[in-house]
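See below for the structure under consideration.
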Amino acid sequence: MLMTPTDERPSGAQEAVMGFFVVFIGSGIGGALRYGVGLLSLRLLGANFPFGTLSINIVGSALMGLVVSLFALFQIGGDDVRLFLTTGIIGGFTTFSTFSLDAVTLWERGQHLAAIGYIVASVTLSLTALAAVLLLMRR
C-alpha cells in the first residue's frame, strides 16, 4: 500500500503526547524565568512585600494578552506553538498559586493592609494589563 501525505498525519495519541511534551518544556522555561525574577526582586527590593510575584503576574497577564492576540490576528503557528507559549512558558511564569500563598502569609503575619493591598493590586493590575494589551492588539 502506498502512503500519501494525508496518511502520515499524527494520531490523536501522538498529538496529545506532543502537547504534553511542549507544555513540559515551556513550563520549565517559564518556571526558571519566574525563579530568576523572584531572586532579582528579593535582591533589589527585599522580602517585606512580594514585589516579584506581583510583577510576574502583571507581566505574565500582559504577555498572555499579546500572545493570544497575535495568534488570533495573524493565524500564526499551530497548536503546539500555542501550547508551548501559553500553557507552557506563560503558565510556568505566572504565579497565582504563589500569589495565594504570599497573600495568606502577609495576613498571618498580621500585615492585613499589605495583604489586602497585594490582593487588590495583583488582581486589578493583572486584569488591566491583559485587557489593555488585548485592546491595543485589536486596533
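To convert, count from 1 in the sequence shown and add 53; that's the numbering used here.
Note that CB positions come from ideal geometry on N, CA and C, so glycine has one too.
Over what stretch of residues does the alpha helix (DSSP H) that includes residue i continue unbroken?
i	result
residue 67	65 to 98
residue 104	104 to 127
Taking 8 Å as the limit between beta carbons, can you name the residues of its chain near residue i, skipping five residues before and five after?
i	result
residue 95	105
residue 184	118
Excluding the 5 residues preceding and the 5 following residue i in the sequence, name in chain order all residues of the same chain whose CB lies nearer than 6 Å to its CB.
i	result
residue 138	120
residue 56	A caution first: residue 56 carries a pLDDT of 44, below 50, which makes its placement in the model unreliable, though a value can still be read off. So the list is empty, once near-sequence residues are dropped.
residue 179	110, 111, 114
Under the three-state reduction of DSSP, which class applies to residue i: helix, strand or coil?
i	result
residue 191	coil
residue 170	helix
residue 163	coil
residue 57	Residue placement at residue 57 cannot be trusted, given a pLDDT of 46 that sits under 50; what the coordinates show is reported in the next sentence. Residue 57: coil per DSSP, three-state reduction.
residue 130	coil
residue 158	helix
residue 147	coil
Shortest alpha-carbon distance to residue i belongs to which of the options?
i	options	result
residue 72	131, 151, 116, 190	131
residue 109	156, 149, 189, 64	149
residue 174	87, 111, 154, 145	111
residue 82	170, 191, 145, 167	145
Could you round the C-beta distance between residue i and residue j to whole angstroms and report it? I think they count as a contact, below 8 Å.
i	j	result
residue 140	residue 79	7 Å
residue 122	residue 182	At roughly 13 Å, the Cβ-Cβ gap does not stay under 8 Å, so residue 122 and residue 182 are not in contact.
Give every residue of the same chain whose Cβ lies closer than 7 Å to the Cβ of residue i, excluding the five residues on either side of it in the sequence, and list them in chain order.
i	result
residue 116	143
Measure from the C-beta of residue i to each C-beta in chain C and report whether the shortest distance is under 8 Å.
i	result
residue 149	As a matter of chain content, chain C is missing from the structure shown, which is built from one protein chain.
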